[in-house]
Every structure is written in structure tokens, then in C-alpha cells.
Amino acid sequence: MPQGQPSVVPEDGLTTRQRRNRPLVVVHTGVGKGKSTAAFGLALRAWNQGWPIGVFQFVKSAKWRVGEERALRVLGESGEGGSVAWHKMGEGWSWIQRGTQGDNTTNEEKAREGWEQVKRDLAAETYRLYVLDEFAYPMHWGWVDTDEVVEVLRNRTGAQHVVITGRNAPEKLVACADLVTDMSKVKHPMDVGQKGQKGIEW
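This note's numbering numbers the first residue of the sequence shown as 28 and each following residue consecutively.
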């Protein structure tokens, strides 16, 4: 495996091993396709290392059955790698007990509920990798306070990696992150009227 050589070695008093194993905040943003796909690819690597993984899908409908969800759920239940817990905002979040007469909770409230659970899990060090899919949107729309997110991420304990996806990632989040990728679009089938298709978009 090729070993990258850093261009700068900071004078932070850490050993090379300590610096290498420092938990990361990763942001995938931009208008191009592939932000969530890249995050789930990272989850596959984490699963292979035996890490417990928590996926929190903000914004996407609970009715969507994306291929990554099925694949990671099956892998998580296989007993060969890490465990996988998958939470969807549209399902009302799996840890919240709701009545059977319907859910009148707004998307904004659901996003806040999801963030509150992420905070609890970070405090409890529940997972080694957190995939906060489309979480940039609730911050961009003002549903979740970006300053609070940054503070919580900076002060998290243990060896917890967090990857956040979504367009319009707030500047404060980008500044806080260790790794930021901006997905730019060169061409897309939708530009010529082609809709998403099975096996490519889901």
C-alpha cells in the first residue's frame, strides 16, 4: 500500500502514530454526483476494519431503498466485519416512539431530533464511524445550528470519525473539517433529459 508523505510535519508534540490515528471530520460537498456514494465507500472500509458504523440519513425519504443501505445492512448482520445501524429521518428516527395515528412532525423537527441522537451517540462513543448523509442541508437551511455542530465535533471524545455529505456545506463546518472534497460536475445525463436509473442512482 503506498504511503503518502505529508508536506508539513506540525510541531504539535504528537508522535507519527498518534497523528496518523487522529479521528477525522470529513465533508463531501459540491454540486456533483457522488457525495453519499463516497461516504458509503468509506463505510465499507470501516466495516472491513470491524468498526461499529452509524448511518443517519437526513432529508432522503424513508421510502427510498438505496442499494448502499441493503448492502451495508447485510454486511452488518454477517458477523464478519463491523456492526451497522441505519437510521432514516423519514421513518421518524428508529429510536423515537410515536403513536400509530400518524406523524405530524415537520422535517425541521425531525432533523433536530436526528442531530440530538447523533449528539447522544457521540457522547456515548456508540460508533467508530458516523455517516451523516445529507446533513449539510439542515445546517444550510438553519434547521440545525452550525456553531453547535462544530463545537460538538471539536469536543467529541474517543476515536470517532464523522463524515458529512450534502451541498452547500457551511463555511464554518468546512473550516472545522480535516478532509473536505468538493464534488464538481462536468457532465450529467440529466443535462440532456435522462432521469436517474436503477443500479446507478439507487
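Each residue gets a CB set at the ideal place from its N, CA and C atoms; glycine is no exception.
Item to check | leucine 102 burial status per 10 Å Cβ neighbour count (16 or more: buried) | outcome: Taking the first residue of the sequence shown as position 1, residue 102 is located at position 75. Leucine 102 should be labelled buried.
Checklist entry - Just how far apart, CA to CA, sit valine 171 and valine 93? => result Within the sequence shown, residue 171 is the residue found at index 144, counting from 1. Within the sequence shown, residue 93 is the residue found at index 66, counting from 1. When rounded, the distance between both Cα atoms is 25 Å.
Checklist entry - If you run the structure through DSSP and keep just helix, strand and coil, what is tyrosine 157? => result For the purposes of this step, residue 157 is taken as residue 130 along the sequence shown, with counting starting at 1. Residue state, collapsed to three classes: strand.
Item to check | Closest residue to glutamate 136 among Ser105, Glu107, Gly169 and Ala112 (Cα-Cα distance) | outcome: In the sequence shown, counting from the first residue as 1, residue 136 sits at position 109. The residue with the shortest Cα to Cα distance from glutamate 136 is Gly169.
Next on the checklist: Quick check on glutamate 38: buried or exposed, where buried means 16 or more other Cβ atoms within 10 Å of its Cβ?
Outcome noted: The residue given as residue 38 occupies position 11 in the sequence shown. With fewer than 16 other Cβ atoms within 10 Å, it is exposed.
Next on the checklist: Among the candidates Thr173, Val36 and Leu71, whose CA atom is the shortest distance from the CA of valine 111?
Outcome noted: Within the sequence shown, the letter at position 84 stands for residue 111. If we check each option's Cα against that of valine 111, Leu71 comes out closest.
Next on the checklist: I'd like to check one pair, aspartate 209 with threonine 56: are the Cβ atoms closer than 8 Å?
Outcome noted: Taking the first residue of the sequence shown as 1, we reach residue 56 at position 29. Taking the first residue of the sequence shown as 1, we reach residue 209 at position 182. Their beta carbons are under 8 Å apart, which means threonine 56 touches aspartate 209 by this criterion.
Next on the checklist: As an exercise, report each continuous beta strand (DSSP E) stretch of at least 3 residues that is fully enclosed by the region 179 to 209, in chain order.
Outcome noted: 188 to 192 and 206 to 209
Item to check | Boundaries (first-last residue) of the alpha helix (DSSP H) holding phenylalanine 67 | outcome: On the sequence shown, residue 67 is found 40 positions in, with the first residue counted as 1. Element bounds for phenylalanine 67: 62 to 75.
Next on the checklist: Suppose contacts are defined by Cβ-Cβ distances below 8 Å. Is tyrosine 164 in contact with valine 54 by that definition?
Outcome noted: Mapped onto the sequence shown, residue 164 falls at position 137. Mapped onto the sequence shown, residue 54 falls at position 27. Taking 8 Å as the Cβ cut-off, tyrosine 164 and valine 54 do not qualify as a contacting pair.
Checklist entry - Can you name, in chain order, every residue of its own chain whose Cβ lies under 7 Å from the Cβ of glutamine 128, other than the five neighbours on each side? => result Counted from its first residue, the sequence shown places residue 128 at position 101. Here glutamine 128 scores only 42 on pLDDT, less than 50, and its place in the model should not be relied on; the value that follows carries that caveat. So no residue of the chain qualifies.
Item to check | Element boundaries [beta strand (DSSP E), containing threonine 56] | outcome: As a first step, residue 56 is located in the sequence shown; it is residue number 29 there, counting from the start. Element bounds for threonine 56: 52 to 56.
Checklist entry - Is there contact here, the region 217 to 224 with the region 189 to 207, by at least three beta-carbon pairs under 8 Å? => result no
Next on the checklist: Output needed for phenylalanine 67: all residues of its chain with C-beta closer than 6 Å, excluding positions within five of it in sequence on either side, in chain order.
Outcome noted: As a first step, residue 67 is located in the sequence shown; it is residue number 40 there, counting from the start. Around phenylalanine 67: Glu95.
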